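Read the structure below first, then the notes.
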Amino acid sequence: MSQTYATGSLVKTRGREWVVLPESKPDLLVLRPLGGSDDDIAAVFPAFETVDEARFAPPEPGDLGNQRAAGLLRTALRVGFRSGAGPFRSLAGIAVEPRAYQLVPLLMALRQKTVRMLISDDVGIGKTIEAGLVASELLAQGEATGLAVLCSPALAEQWQQELRSKFGIDAELVLSSTVSRLERRLDLGQSLFDKYPHVIVSTDFIKSPRHRDDFVRHCPDLVIVDEAHTCVVADDTSTSTQNQLRYELLRRVADDDTRHLLLVTATPHSGKESAFRNLLGLVKPELASVSLESEAGRKLLAQHFVARKRADVRQYLTKEDGLSDDSLAERTAFPSDRYFKDETYKLSPEYRALLDDAIAYASERVEEAGGQGRREARIAWWSAIALLRSLVSSPRAAAKTLRTRSAAAIAASAEEADKLGAPLTSDAADSDSMEGMDVAPGAEINEDDDPRSRLGELADRAEELEGPAKDLKLKALIKHLKGLLADGHNPIVFCRYIPTAEYLAEQLENDKDSGKRGPLGAKTVVKAVTGTISPQQRIERIEALAVEAGEDAAARRVLIATDCLSEGVNLQHHFDAVVHYDLAWNPTRHDQREGRVDRYGQRRDQVRVITVYGDDNGIDGKVLEVLIKKHRQIKKDLGISVSIPDELSTGVTDAIVEWLLMRGREGQQDTLFGSEALDTAAGKVETDWNSAAEREKASRSRFAQRSIHPQEVAREVASIREALGGAGEITTFVRESLEALGAVLRGGDEDFTAQVGGTPIGLQDALAPAIGAEVIDKDRPIPFRTDPAVARGEAALVRTDPVVGALASHVLNAALDKDAPGARPARRCGVVTTDAVGTMTTLLLVRYRFHLTLPSRSGDKQLVAEDARLVAFEGSPKKAVWLTSERAAELLDATASMSTPPHFGTRTMTRTLDQLLPGVKDHLAAYGEELAADLDASHRRVRAASGEIVRGLSVTAQKHADILGVYVYLPTTAATAATAPGVSA
56 MSQTYATGSL VKTRGREWVV LPESKPDLLV LRPLGGSDDD IAAVFPAFET VDEARFAPPE
116 PGDLGNQRAA GLLRTALRVG FRSGAGPFRS LAGIAVEPRA YQLVPLLMAL RQKTVRMLIS
176 DDVGIGKTIE AGLVASELLA QGEATGLAVL CSPALAEQWQ QELRSKFGID AELVLSSTVS
236 RLERRLDLGQ SLFDKYPHVI VSTDFIKSPR HRDDFVRHCP DLVIVDEAHT CVVADDTSTS
296 TQNQLRYELL RRVADDDTRH LLLVTATPHS GKESAFRNLL GLVKPELASV SLESEAGRKL
356 LAQHFVARKR ADVRQYLTKE DGLSDDSLAE RTAFPSDRYF KDETYKLSPE YRALLDDAIA
416 YASERVEEAG GQGRREARIA WWSAIALLRS LVSSPRAAAK TLRTRSAAAI AASAEEADKL
476 GAPLTSDAAD SDSMEGMDVA PGAEINEDDD PRSRLGELAD RAEELEGPAK DLKLKALIKH
536 LKGLLADGHN PIVFCRYIPT AEYLAEQLEN DKDSGKRGPL GAKTVVKAVT GTISPQQRIE
596 RIEALAVEAG EDAAARRVLI ATDCLSEGVN LQHHFDAVVH YDLAWNPTRH DQREGRVDRY
656 GQRRDQVRVI TVYGDDNGID GKVLEVLIKK HRQIKKDLGI SVSIPDELST GVTDAIVEWL
716 LMRGREGQQD TLFGSEALDT AAGKVETDWN SAAEREKASR SRFAQRSIHP QEVAREVASI
776 REALGGAGEI TTFVRESLEA LGAVLRGGDE DFTAQVGGTP IGLQDALAPA IGAEVIDKDR
836 PIPFRTDPAV ARGEAALVRT DPVVGALASH VLNAALDKDA PGARPARRCG VVTTDAVGTM
896 TTLLLVRYRF HLTLPSRSGD KQLVAEDARL VAFEGSPKKA VWLTSERAAE LLDATASMST
956 PPHFGTRTMT RTLDQLLPGV KDHLAAYGEE LAADLDASHR RVRAASGEIV RGLSVTAQKH
1016 ADILGVYVYL PTTAATAATA PGVSA
């Protein structure tokens, strides 16, 4: 007859543990995997499959371990938890260990019935992790059933990888390139967003009315919007149709006041107050009009808005934050500074002549078109800018532009010419995507332009200038790259156009096929990444570059890239310097480029930035002075970037181009300062930018995150570390386990490497999927880092790292199986003779399980949580004197004063186990109730601001806790007497 299992009890079948759900019958069990989701629910017939109560077998008294056995077993058990105790249901099951400051948005979210937040932390702090934490927690608690991430198509695959690898969320990509395949799988009348609960959607694709309406009707109940500043419009300026469509989409998504909405952007305020207000209005309509000067307005905003600089979180939970001590202090290793160096070059005589002739040609065309109408004038204007920018970029870009028809040439009106010409020739800060913006823009105006015409002749001359002999900009780059490489840096060179990037790669790389050796040395690997390949191929090429360079200390990497990599892509693990080969005409783009390497996880304390500019080409010098340097100074003063409105930067660059065309051949840098129009534009930039900086400084002070105090974060961090273990415990566990298993460790007290070729085959098999089969097969050293932000092929010393998880699983399984082959670092029993105790003391490792009822919008959710606790008592089990939890933890550090004879240890353990359960079960049950009450209180605490969220919440301890480990500590004097010859034990 089949055993009957109560709802919420734990059973073991199919090789894993399951929770029994209320839908179960005596002959049919409906089960959800422990730590799994509702998607993993399965039905099991006990009559046909073996189902057992999930309990550990009693410890074997003869299977004794040494003084380290208890600590290693506890850590191995806790690392394996996928449903840990504590108010955050998702933390035990995700593959990332958040920094303490990254818990702040999560704590803010849990205090809202419907989560509405604007996460605007500085570049590189980890906004993706913060948004992912909120999303995974809402999904785990049943507060959300589906997720949609709206982002640019270039970042979609990166979001997919982050959600899958770090949070265990599998999301489908909904892009113009994937939608047909996805729709073929739909049933008749079914929506794409009903079939796939978790999706990552291209904002560009979904914003059109054709797709938007279906998305809004079937939109998931949780939406994350990346780069949200590109999805709002300002009331007082002309806004592109694309921005208006994106804003209309988000406005309709936000209209459902039961939908969770997370807006993510590092630049919430682009200098346009109305755009900022519209962004806040998406979060909460009242924020669009409330006075933020009032205390009530700021208090309302503080519930939904978090915006911190690196300086705010570089050191966190210290005494300076109001804590009593630094025991929970966390220091995050952001690079301390960027070292800027501006390097000039002069045009060669041949290049000078070509530029002068091109300026003269462009001037004639603009003047001629001015008499033909506004449409013709705007087309000629954009063609002239394209010609000048490409000439300043490289000979290759110039030749391509001269032979390509202008994108604006097909325009039917002046307004259409501006829409077609501006994106390819300007560098708007609020452009939502760099896709397609790095192509050569084209300068031909008429379809019947003869290739042998002046443009064709100029193109021929440009092609003849390739190479460092006549292209002195390239020559200067080679010099500066050699300096960076000699100092041990691996730089990224950013270009404006695809032809320039390809040209630089050809000039700099070593060609193995032809035997050509590049100017940067035989061990320098050079690759180009541009918009000609897909976002996923770009990542693959970068990884291939890192692999090809190898681990040789003398090997160097140089990446040549266009601005298709300037947003969203994380490159800090492979590169540590940036070279601006082409100046962007909006300084925000420079900050975006530098932010790819200057972010959390960058190992260098200082990121090098070199800006290459021409001091005699009539353009670069003034752009650098008026825009780039001003932007740097404001960031240095405030600690954050302040965007310049696009119309202001465009006003400066337009004035430069107008003056160059007006002066024709005399467009020299030294006469440029006399331009009245330029001086006027520069003055307006100075005034407006300073005002924007002051507003930003004031707003950062007014809107500083004050809704969650550091003391509240500290309390939850302490709770998490108590339940799941801290970094120090993991480091000790990994070191001691690997050493005991026969690995070869090298390195210092923090970072180290391990070769596992001499460890048991079972461990090697477990590590291969986590670190790579080739690393295991070739016995390469595995780098272990204390910094959680690790590169591919490295392991972080945190419980959520896959390598640590594989090691913990092996140690735990070996401890439970006394017949397992090879070394077994952890054991379930131990008898230790030590000076750390004065009387016989017994330490128990106990696994508790708790049944939680969590109320949510979709109904009550039944969950099971696990916790591993140490309890200790002095004397015999029948007359136990129970010790504090702090004293019990101290026993893990007790060292043996002498070896304990095996036969004596076995007899001692046998006696202890025989008396143990009857003597301690009442105390263990009472302690379980105490832990359940603490867990209940912690859930209520983090949701304190909403009574509705905690109504109906309950936590109960499962009866009969599992005693996983028993360790007896004997005082040295008593053990010596007991084991003396002639003394009976």
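Residues in the sequence shown are numbered consecutively from 56, following the working numbering.
Quick reminder that beta carbons are idealized off the backbone N, C-alpha and C, glycines included.
From a predicted model like this one, the values you see are computed outputs, not experimental measurements.
(1) For a quick check, are the C-beta atoms of L323 and H284 less than 8 Å apart?
(2) Under the three-state reduction of DSSP, which class applies to G543: helix, strand or coil?
(3) Near V345, which residues of its chain fall below 7 Å by C-beta distance, leaving aside the five closest residues on each side in sequence?
(4) Quick one: give me the first and last residue of the alpha helix (DSSP H) that P824 is part of.
(5) What are the boundary residues of the beta strand (DSSP E) that includes W73?
(6) Output the residue ranges of the alpha helix (DSSP H) runs that lie fully inside the region 879-967 and measure 4 residues or longer, sorted by chain position.
(7) Is T313 helix, strand or coil when you go by DSSP?
(8) Based on the DSSP secondary-structure assignment, which residues constitute the bridge partners of A61?
(9) Assign G1116 to one of three DSSP states: helix, strand, or coil.
(10) Answer with buried or exposed for M56, where buried requires no fewer than 16 other C-beta atoms within 10 angstroms of its C-beta.
(11) Can you list, in chain order, the residues of its chain whose CB lies under 8 Å from that of K221, leaving out five sequence neighbours each side?
(12) Going by DSSP, what residue range makes up the beta strand (DSSP E) through M172?
(13) With a cut-off of 8 Å on the beta carbons, I'd call T456 and L442 a contact; round off their distance for me.
(14) Taking just the CA atoms, how far does Q592 sit from R507?
(15) Evaluate the contact criterion for the region 815-830 versus the region 857-877: three or more CB pairs, one atom per stretch, below 8 Å.
(16) Can you check DSSP and say which residues form a bridge with Y371?
(17) Would you call the CB atoms of G781 and R133 closer than 8 Å?
(18) So, helix, strand or coil for V1015, using DSSP?
(19) Please list the segments of the beta strand (DSSP E) lying wholly inside the region 577-638, counting only runs of 3 or more residues, in order along the chain.
(20) Based on DSSP bridge pairs, tell me the residues matched to F839.
(21) Please classify D268 as buried or exposed, where buried requires at least 16 neighbouring CB atoms within 10 angstroms.
(22) Hey, R240 and K250 are a contact pair by Cβ (cut 8 Å); roughly how many whole angstroms apart?
(23) To the nearest whole angstrom, what separates the beta carbons of S772 and L372, a pair I think is in contact under 8 Å?
(24) For K26, which of helix, strand or coil comes out of DSSP?
(25) Considering H645, what are the terminal residues of the alpha helix (DSSP H) in which it resides?
(26) Report back the beta-carbon spacing between R651 and L626 to the nearest angstrom; my notes put them in contact at under 8 Å.
(27) Hey, is the region 97-104 in contact with the region 81-89, meaning 3+ C-beta pairs nearer than 8 Å?
(28) Note down, in chain order, each residue of its chain lying with its Cβ closer than 8 Å to the Cβ of R790, except the 5 sequence neighbours on either side.
(29) Nearest CA to the CA of L638: which residue from I547, L614, L679, R847?
(30) Compare the C-alpha of Y982 against each of T965, L968, F905 and name the closest.
(31) Out of curiosity, what's the CA-to-CA distance linking Y636 and L793?
(32) Could you tell me the boundaries of the alpha helix (DSSP H) in which P352 lies?
(33) Looking at the secondary structure, which residues open and close the beta strand (DSSP E) in which Y400 lies?
(34) How about T881 and P590: are their beta carbons less than 8 Å apart?
(35) Can you tell me which residues form a DSSP beta bridge with T105?
(36) Applying the 10 Å Cβ sphere with the 16-neighbour rule, what's the burial state of A560?
Concretely, from the data shown:
(1) In the sequence under discussion, the amino acid at residue 323 is Pro, which differs from the Leu named in the question. Yes, they are a contact pair.
(2) DSSP, reduced to helix, strand and coil, places G543 outside both helices and strands of the structure shown, so it counts as coil.
(3) Around V345: G352, L355.
(4) 816-826
(5) Segment 71-75, the beta strand (DSSP E) holding W73.
(6) 940-945
(7) coil
(8) A61 is not bridged to any residue.
(9) Here the chain covers residues 56 to 1040 and nothing more, so residue 1116 does not appear.
(10) Note that M56 scores a pLDDT of 44, beneath 50, so its modelled location is shaky and nothing firm can be said.
(11) Annotation for K221: I149, A150, V151, I184, G187 place their beta carbon closer than 8 Å to its own, counting only its chain and skipping 5 residues before and after.
(12) Where M172 is concerned, the enclosing beta strand (DSSP E) starts and stops at 171-174.
(13) The Cβ separation is near 6 Å, so the contact holds.
(14) Bear in mind that the predicted position of R507 carries a pLDDT of just 49, short of 50, making it unreliable; the figure below should be weighed with that in mind. Roughly 38 Å between the two C-alpha positions.
(15) Enough Cβ pairs lie closer than 8 Å, so yes.
(16) Partner(s): E385.
(17) no
(18) Checking the displayed sequence, the identity of residue 1015 turns out to be His instead of Val. Three-state DSSP puts H1015 in coil, outside helix and strand.
(19) 579-584, 611-616, 632-635
(20) F807, A850
(21) exposed
(22) 7 Å
(23) Reading the sequence as shown, one finds Val at residue 772 and not Ser. Confirmed, Cβ separation roughly 7 Å.
(24) This structure gives no information on residue 26, because the portion of the chain shown stretches from 56 to 1040.
(25) Counted as a single uninterrupted DSSP element, the alpha helix (DSSP H) harbouring H645 occupies residues 642-650.
(26) At roughly 4 Å, the Cβ-Cβ gap stays under 8 Å, so R651 and L626 are in contact.
(27) yes
(28) L800, F807
(29) L679
(30) F905
(31) Answer to the nearest angstrom: the Cα atoms are 47 Å apart.
(32) According to the sequence displayed, residue 352 carries Gly and not Pro. Per DSSP, G352 belongs to the alpha helix (DSSP H) from 350-357.
(33) 392-400
(34) A small correction: the amino acid at residue 881 is Ala; Thr does not occupy that position in the sequence shown. Not closer than 8 Å, so no.
(35) In DSSP, T105 forms no bridge with anything.
(36) buried
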